[in-house]
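Residue numbers for the sequence shown follow numbering that gives the first Met the number 0, beginning at 0 and rising by one. Quick reminder that beta carbons are idealized off the backbone N, C-alpha and C, glycines included. Bear in mind that the values here come from a model prediction, so they are computed numbers and not experimental data.
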Amino acid sequence: MSVRQSTFQLMTFLLLIRNMDCIKHNKYSASRREQSKKRYPSSASKSTKEHIEEQAPWTDRLLQCGYQNHSFTPEERSEGTFLMKMIEWPKPPDSAVPFQKSSNPARVRFVILNSAKTFYVGDQLQVMLQMRDFDGYPKQYGGDYLQARIHTPALRAGSAGTVIDNENGIYRINFKLLWPGKVKAFVLLVHPSEGIQALKRLREEQPERIYFKSAFKSGNASETTVCNLCLPQSKSFCNFTDPKTGEPWFCYKPKKLPCSARFAHTVGEFQQDFFEGEEERYFQSKVNIKKPILPKGRNYVIVLTKRINEGRVPLLSPSGFYFQDKWTSTSCNVRRFNSPASVTNCLREKTIHIFGDSTIRQWFDYLIRFVPGLKTLRAANTTLINPQFAEEKVNKISMEYYSHGVPIRITPTLSQDLPFIANKLDEIKGGNNTVIAFTIWCHFSTFPVEPYIRRLQNIRRSILRLLERSPDTLVVIKTANVQAISQESSLQSSDWYSYQLDLVMRKMFEGIKVAFVDAWEMTIAHYLPHKMHSQQVIIKNEVDVFLSYVCPL
């Protein structure tokens, strides 16, 4: 046995005796790290609630878009205000910062603190940097959005770092050293603080920059009209508000056909040309969007195996790490489902419901390809993206996938095939052989955060009802994941938008009997380029974590 193998076996043993199994309903705490509003990823301290009364009611925007005032409980009103305060972002001191004074990653170098010391597995590694502008001067305020990871290429090992914004231009990044060897640090400026303010303005002032369409048909007559969540009421419209959840949706009324003739939904177009002043210059792919920050001096440390008599490895954060391209969770044991038979044995006699967007549809597609016995039952109309169903009759496995309801940027789809997750959950009886997995985030990125909060509150209500009638039901939530962003795509699907929604989702389900697959850290920690639809090695690890909740050791 090689030294590398024996080292990893030792690490694995320490993890096994340190961690609990991925048991059903394992709680995930979004506030598991030390709390500070300057630290990200993070959730705000509950002391924030003492300062929220002065904020404008978060429901005002919702009421303007057709939500019903009577549907909010006092607790939900208070929660929404707290969440909006929680995700507040540091602002530049001036509303209009000249581009030359904005953050320039090419002028910045990060430094590994105490790089000459001897590091052991379990130690903390700290990196520090001072943000500078295009003239090379240090910036005196924070608000830049950074991502960071450590990586050992030879071991295909990696984990994400925790960024602390001192709000004076200085950033510290903490990493947990979880494997031995030559460990390199990598830092990205995802967006400068000035670009963040532009993204925030667009989210609040231009949510209709992506619009949708619906097709109406009756006999030989057909029409198409514009639809959206909060539709400007400049002309007559059809109200398609969901009667059960109160989730609103509107389309302009066809000229000749009735509203009842609506049959299909599709994404419209992406509007452009909404920059103000120098905002466009904050979104340059090779200048200040996901631009690497280089090190000053070496970008690595040598990590030695921790001696056994020094105790076990304390694993408070991050949520996990890769070693040999296999994700190891720091909160539970992850099983490796490396054969179709192992997946089949796990899912025997189970019904799996998967709801959400295309990033969790990848789980459905992976399982279909990986397990030959799972056969899809395709609908007759293959020109539209319909719900997907699969079954394995011998082992009594059934699996279904539904896209979540509007808003959703998708090719033409039957309106009836876009149910709200909350309504689908209410249809499920549940039980110890029922597994539910869902995600919902990326299609809300262009909208203000308030509708997203309301959507999650409705989903949470349904989950609590489900767990009350069937406590043994397993509910797993896939978090957001990072993606490649260009100038155009960052205005629609920025990691910063996704990050804020992800914080809200984690906080809202904190303390509830659900499990999380942390796709956010799993995509930051991996060495492969960021993609909206993660590559198969990452999807395989996500599915392994998911199945580890279904079938714990």
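Q486 carries a helical assignment under DSSP once its states are collapsed to helix, strand and coil.
Fewer than three pairs of CB atoms, one per stretch, sit closer than 8 Å, so the segment 418–425 makes no contact with the segment 249–268. CA-CA distance, V513 to K530, rounds to 26 Å. By the criterion of a C-beta distance shorter than 7 Å, H442 is surrounded in its chain by D356, P406, I407 and R408, once the five residues flanking it on both sides are discounted. Contact between M127 and V110 holds, since their C-beta atoms are separated by about 5 Å, short of 8 Å. A Cβ-Cβ contact shorter than 7 Å links F354 with Y401. Listed as beta-bridge partners of C250 by DSSP are C226 and C237. By the criterion of a C-beta distance shorter than 6 Å, S397 is surrounded in its chain by T350 and E390, once the five residues flanking it on both sides are discounted. Nearest in C-alpha terms to E449, of all of A340, H69 and K84, is K84. As a beta-bridge residue in DSSP terms, A156 pairs with T151. Contact check for R200 and Q270: beta-carbon distance about 15 Å, past the 8 Å limit, so the pair fails to qualify. Contact annotation: the segment 283–292 does not touch the segment 164–179, with fewer than three C-beta pairs closer than 8 Å. At a Cβ-Cβ threshold of 7 Å, V182 and T151 count as neighbours. Taking a cut-off of 8 Å for Cβ pairs, the segment 365–379 and the segment 538–551 touch, as three or more such pairs fall below it. Under the three-state reduction of DSSP output, D132 falls in the strand class. As computed with DSSP, V434 is found in a beta bridge with I351 and L473.
Sequence-distant partners of L198 (beyond 5 residues in either direction) whose C-beta falls short of 8 Å from its own C-beta, in its chain, are H190, S489, L490, S493, W495 and Y496.
With contacts defined by Cβ atoms closer than 7 Å, S192 and S485 do not form a contacting pair. Boundaries around G194 are those of the alpha helix (DSSP H), S192 to E204, since no beta strand (DSSP E) includes it.
The bridge partners DSSP lists for Q125 are N173. Within the segment 49–122, the runs of alpha helix (DSSP H) at least 4 residues long that lie entirely inside it are, in chain order, 58–63 and 73–85.
In this structure, S114 is the residue among S114, L546, Q534 and V516 with its C-alpha nearest to the C-alpha of R297.
In the three-state reduction of the DSSP assignment, D356 falls in the coil class, being assigned neither a helical nor a strand state.
For I301, the enclosing beta strand (DSSP E) starts and ends at Y299 to L303. Ranked by Cα distance from F419, the first of T240, T72 and C64 is T240. Each residue's CA atom was taken as its position, placing T522 and Q323 some 15 Å apart. In this structure L546 touches C345 by the C-beta definition: roughly 5 Å separates them, less than 8 Å.
Between S101 and the set V481, C331 and V286, the nearest pair of CA atoms involves V286. Minimum Cα-Cα distance from W362 among the listed residues W440, V544 and D164 corresponds to V544. Going by C-alpha positions, E520 is about 7 Å away from S158. About 6 Å separates the beta carbons of H532 and T358, which is inside the 8 Å limit, making them a contact pair. The criterion of a C-beta distance shorter than 7 Å is satisfied by L187 and Q146. Here G276 has A95 as same chain residues with Cβ atoms under 8 Å from its own Cβ, once five neighbours each way along the sequence are excluded. For the pair F211 and G267, the CB atoms are nearer than the 7 Å cut-off. Boundaries of the alpha helix (DSSP H) harbouring M521: A518 to A524, taken from the DSSP string.
One alpha carbon belongs to G141, the other to F133, and they sit about 16 Å apart.
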